[in-house]
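Sequence order for the protein chains is A and B. If you're matching positions, the first sequence starts at 1 in our numbering and goes up one per residue. If you're matching positions, the second sequence starts at 1 in our numbering and goes up one per residue. Structure first, then comments.
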Amino acid sequence: MALYNIIHFLEEALNNIRRNTFVAAITVGTIGIAFLIFGIFLIIFSNLNDITSTWKEQIQVVSYLKDGLSNAEIISIEDKIKSEREINSVAFISKEKALSEFRKDLSSQTGLLEGLGENPLPAYFEIRLKKAYQDPKSILSLVDRLKKIKGIEEVQYGQEWVENLSSFLDFLMIAGMIVGGLISLAVILIVSNTVKLTVYARKEDIEIMKLIGATDWFVKAPFLIEGMAIGFLGSLMSVILLFGIYQIIVQNLPLNAGLLFGRFSIAFLSWPDIVVLLIAGVLLGLFGSFVSVGRFLKV
Amino acid sequence: MIQMFHVSKYYDKNFPALRDISLEINKGDFVFVMGPSGAGKSTLLKLIFCAERADEGQILIQGRNIARLSDSKIPYLRRNLGVVFQDYKLLQSRTIYENIAFSLKVCGVSNNEIKRRVYFVLKQVGLEHKSDSFPIRLSGGEQQRAAIARAIVNEPAILIADEPTGNLDYNMSVEIFEILKDINVRGTTVIVATHNREIVSKMQRRIISLDKGKIVSN
Numbered sequence: 001m002a003l004y005n006i007i008h009f010l011e012e013a014l015n016n017i018r019r020n021t022f023v024a025a026i027t028v029g030t031i032g033i034a035f036l037i038f039g040i041f042l043i044i045f046s047n048l049n050d051i052t053s054t055w056k057e058q059i060q061v062v063s064y065l066k067d068g069l070s071n072a073e074i075i076s077i078e079d080k081i082k083s084e085r086e087i088n089s090v091a092f093i094s095k096e097k098a099l100s101e102f103r104k105d106l107s108s109q110t111g112l113l114e115g116l117g118e119n120p121l122p123a124y125f126e127i128r129l130k131k132a133y134q135d136p137k138s139i140l141s142l143v144d145r146l147k148k149i150k151g152i153e154e155v156q157y158g159q160e161w162v163e164n165l166s167s168f169l170d171f172l173m174i175a176g177m178i179v180g181g182l183i184s185l186a187v188i189l190i191v192s193n194t195v196k197l198t199v200y201a202r203k204e205d206i207e208i209m210k211l212i213g214a215t216d217w218f219v220k221a222p223f224l225i226e227g228m229a230i231g232f233l234g235s236l237m238s239v240i241l242l243f244g245i246y247q248i249i250v251q252n253l254p255l256n257a258g259l260l261f262g263r264f265s266i267a268f269l270s271w272p273d274i275v276v277l278l279i280a281g282v283l284l285g286l287f288g289s290f291v292s293v294g295r296f297l298k299v
Numbered sequence: 001m002i003q004m005f006h007v008s009k010y011y012d013k014n015f016p017a018l019r020d021i022s023l024e025i026n027k028g029d030f031v032f033v034m035g036p037s038g039a040g041k042s043t044l045l046k047l048i049f050c051a052e053r054a055d056e057g058q059i060l061i062q063g064r065n066i067a068r069l070s071d072s073k074i075p076y077l078r079r080n081l082g083v084v085f086q087d088y089k090l091l092q093s094r095t096i097y098e099n100i101a102f103s104l105k106v107c108g109v110s111n112n113e114i115k116r117r118v119y120f121v122l123k124q125v126g127l128e129h130k131s132d133s134f135p136i137r138l139s140g141g142e143q144q145r146a147a148i149a150r151a152i153v154n155e156p157a158i159l160i161a162d163e164p165t166g167n168l169d170y171n172m173s174v175e176i177f178e179i180l181k182d183i184n185v186r187g188t189t190v191i192v193a194t195h196n197r198e199i200v201s202k203m204q205r206r207i208i209s210l211d212k213g214k215i216v217s218n
C-alpha cells in the first residue's frame, strides 16, 4: 500500500507537470531568475570576503628590540613571543639583515647610507598571526602583552591600516547582511508565491479530490513533490545560468583587473554553496506548496 | 440507512439554513428533496457527505453518528457515498477514464481492478467510447453521466445527487434520471435534490419538501 501510494504520488506529480507544462516552465523560469540574482550576490560577497581575508593575512606585527641584547636574551624573547596563542609564525631579523634589506629597498640610492657610521637599525621580530586573531581587538591585546616583554623597545602593527580594514570589514559585513537579507526575503517570497499560484490554479481540483474521498495526504503529496521538483529545477537553472555568466565575465576580464584586488581570479560558487542553493530551491518549493495546498483542503 | 434528529444548520445566526430537521431514509429508497431556491436542499445533502457540519442535532449514516466524526475520518465516509453535482465537478485536465479511476485510486485499488471497474461503469452510463476524451469535449449530459459513473464506481451504499439535471435540457434530464433509477434498482439508496417537477411527478417516488429550512411535507 505504501509503495503503491509512493508510485502513485510520483506519477501524479510528473503528470501534473506534464499537464501544465507551460505554467511549470514559467514557474521554473521565475524561480531560476530569483535564484540567479541571489547567486550573483553570493558570488560577489564571497569573493569580497576572500579578498579581505588575503588582506588580513598581510597584517603583521613587528617587535623592535633594544640594542645590545645577548643571543640568549633574544632567544628568550622569541620563546615568550611564541608562547602567545595568537602567533602563527615568528621570524627574527638581525640588525645586519635589517640593514641589508634596507639597502636593497633603496637600491639606486645606496649612496645615502654611505655616511652611516654604525648600523642605526634595530633588530626585530616579524610576527604573523593565526587567521582567527586577525582582527583589531586581538591585535591590540597581543601588542599590549608584547610591549611588556623585557627587551622589546617598540611594537608596530600598521595601526591605521588595521583600523581602516576593520571598519571596512564591518561595513562590508553589515551591507552584506542587509543586501543578502533583502534578496533572500525576495527569493523566499517570489519562489513560494510562484509555487502557490500554480496550486491556486488547481484549487478546484483539490476540492473535487477531497469530495471524492481523498485524504489530505493523498491530495497533498503530489503537490509537495511537484513543488520540490519545480524548486529544484529552478535553482538548478540558476546555477547553470550563473556558471554561463561567470564564464563570460571571467574570459572577458582584462588580465590586469585582478591586480586591483590583490588576486588574479574570481572564484565561482563553492560546491557547498551550490548544494545549499539547490536545497533552498527544493525547500522553498516544498514550503510554497505546503502552505497553499493546506489552504484548500478544508472541504 | 440515514437518520436525522433535530438537525439545524446556521450560516447566519438569525436565519437558519435548516431548522429542526428529523427524517429517516431506508436502505434502497429513492428520495427526492424538493423546494424553492434557498430552501436548504443543498445544505441538507452537504450535511450527509460532511461538506457542512450540523450546528445542532445528530446524523446517523449506516448507524454511525457523523456529528462527532473527526475531519480525518471524513474521506473514509465519502468513499462509501457517491456524490453527483450540478456542475459535474470533473477534473478538467484529466480524461474521463482518469477522472473515474481517481475514485478508485483514492481507495488503493490495483490498476487491473481499476481498469475492469472503470470500463464496467462507463458501459453502464453509455460512455465507453469517450473514455479517452477530456471533459471539455463532452456535452453537458455526457459530462453528468461521467460524473455519475465516477460516483458509483466504488459501489457506494448511498448516491447523493444535488441538482444533477440543473444544467441539462429535458431529454438529457430524462436520460440522467433513467440512469439514477437503474442504480437504485441495483440496491443503492438514491437521494436527489431537484427543481424538476415534471420528471419527479412522473417517477412517483418519495418526496421530502423543504421551505425556509423546514420540512413542509415528507
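We treat Cβ as the ideally placed atom computed from N, Cα and C, and that holds for glycine. Computed from a prediction, not measured in an experiment: that's the story for all the values here.
Bounding residues of the alpha helix (DSSP H) (the contiguous stretch that carries residue i)
{"i": "I100 (chain B)", "result": "96-106"}
{"i": "V121 (chain B)", "result": "111-124"}
{"i": "D79 (chain A)", "result": "71-82"}
{"i": "L286 (chain A)", "result": "271-296"}
{"i": "I152 (chain A)", "result": "No alpha helix (DSSP H) holds I152 (chain A); the beta strand (DSSP E) holding it covers 152-156."}
Contact check, residue i vs residue j, beta carbons under 8 Å
{"i": "L91 (chain B)", "j": "Q143 (chain B)", "result": "no"}
{"i": "I279 (chain A)", "j": "I31 (chain A)", "result": "no"}
{"i": "L129 (chain A)", "j": "I77 (chain A)", "result": "no"}
{"i": "L81 (chain B)", "j": "F49 (chain B)", "result": "yes"}
{"i": "G140 (chain B)", "j": "E175 (chain B)", "result": "no"}
{"i": "Y124 (chain A)", "j": "S167 (chain A)", "result": "no"}
{"i": "T54 (chain A)", "j": "V195 (chain A)", "result": "no"}
{"i": "I183 (chain A)", "j": "F41 (chain A)", "result": "yes"}
{"i": "D232 (chain B)", "j": "Y10 (chain B)", "result": "No answer is possible for residue 232 (chain B): it lies beyond the span of chain B, which begins at 1 and ends at 218."}
{"i": "D211 (chain B)", "j": "S42 (chain B)", "result": "no"}
{"i": "I160 (chain B)", "j": "I191 (chain B)", "result": "yes"}
{"i": "V33 (chain B)", "j": "I21 (chain B)", "result": "no"}
{"i": "A34 (chain A)", "j": "V187 (chain A)", "result": "yes"}
{"i": "Q58 (chain B)", "j": "A67 (chain B)", "result": "yes"}
{"i": "L300 (chain A)", "j": "G39 (chain A)", "result": "Any property of residue 300 (chain A) remains undetermined from this structure, which presents chain A solely from 1 to 299."}
{"i": "T188 (chain B)", "j": "A146 (chain B)", "result": "no"}
Residue-level contact to chain B via CB, residue i, 8 Å cutoff
{"i": "L211 (chain A)", "result": "yes"}
{"i": "T198 (chain A)", "result": "no"}
{"i": "V299 (chain A)", "result": "yes"}
{"i": "T215 (chain A)", "result": "yes"}
{"i": "D170 (chain A)", "result": "no"}
{"i": "F218 (chain A)", "result": "yes"}
{"i": "R19 (chain A)", "result": "yes"}
{"i": "I208 (chain A)", "result": "yes"}
{"i": "Y133 (chain A)", "result": "no"}
{"i": "D50 (chain A)", "result": "no"}
Three-state secondary structure (DSSP) of residue i
{"i": "T215 (chain A)", "result": "coil"}
{"i": "I266 (chain A)", "result": "coil"}
{"i": "I26 (chain A)", "result": "helix"}
{"i": "M1 (chain B)", "result": "coil"}
{"i": "K214 (chain B)", "result": "strand"}
{"i": "N196 (chain B)", "result": "coil"}
{"i": "G181 (chain A)", "result": "helix"}
{"i": "F232 (chain A)", "result": "helix"}
{"i": "N88 (chain A)", "result": "strand"}
{"i": "R68 (chain B)", "result": "helix"}
{"i": "G57 (chain B)", "result": "strand"}
{"i": "V189 (chain B)", "result": "Val is not the amino acid found at residue 189 (chain B); the sequence shown has Thr there. Strand, per DSSP."}
{"i": "Q144 (chain B)", "result": "helix"}
{"i": "L65 (chain A)", "result": "strand"}
{"i": "Y4 (chain A)", "result": "helix"}
{"i": "A132 (chain A)", "result": "helix"}
{"i": "P36 (chain B)", "result": "coil"}
Terminal residues of the beta strand (DSSP E) in which residue i lies
{"i": "I139 (chain A)", "result": "It is not in any beta strand (DSSP E) - I139 (chain A) instead sits in the alpha helix (DSSP H) that spans 136-147."}
{"i": "L159 (chain B)", "result": "158-162"}
{"i": "E101 (chain A)", "result": "Unbroken run through E101 (chain A) is the alpha helix (DSSP H), 95-106; no beta strand (DSSP E)."}
{"i": "I25 (chain B)", "result": "15-25"}
{"i": "L81 (chain B)", "result": "81-84"}
beta-carbon residue i near the ligand SAM non-hydrogen atom, thresh 7 Å
{"i": "L297 (chain A)", "result": "Ligands displayed in this structure: none; no statement on the ligand SAM is therefore possible."}
8 Å Cβ cutoff, residue i in contact with chain A
{"i": "A54 (chain B)", "result": "no"}
{"i": "F5 (chain B)", "result": "no"}
{"i": "R68 (chain B)", "result": "no"}
{"i": "P75 (chain B)", "result": "yes"}
{"i": "A101 (chain B)", "result": "no"}
{"i": "R78 (chain B)", "result": "yes"}
{"i": "G140 (chain B)", "result": "no"}
{"i": "L91 (chain B)", "result": "yes"}
Chain E contact residues for residue i, given Cβ-Cβ distances below 7 Å
{"i": "K105 (chain B)", "result": "Although the question refers to chain E, the structure presented lacks it and instead comprises the protein chains A and B."}
Contact between the stretch 219-228 of chain A and the stretch 2-21 of chain A: three or more CB pairs below 8 Å? yes
Decide if the stretch 96-106 of chain A is in contact with the stretch 150-162 of chain A; the criterion is three or more beta carbon pairs, one per stretch, under 8 Å apart. no
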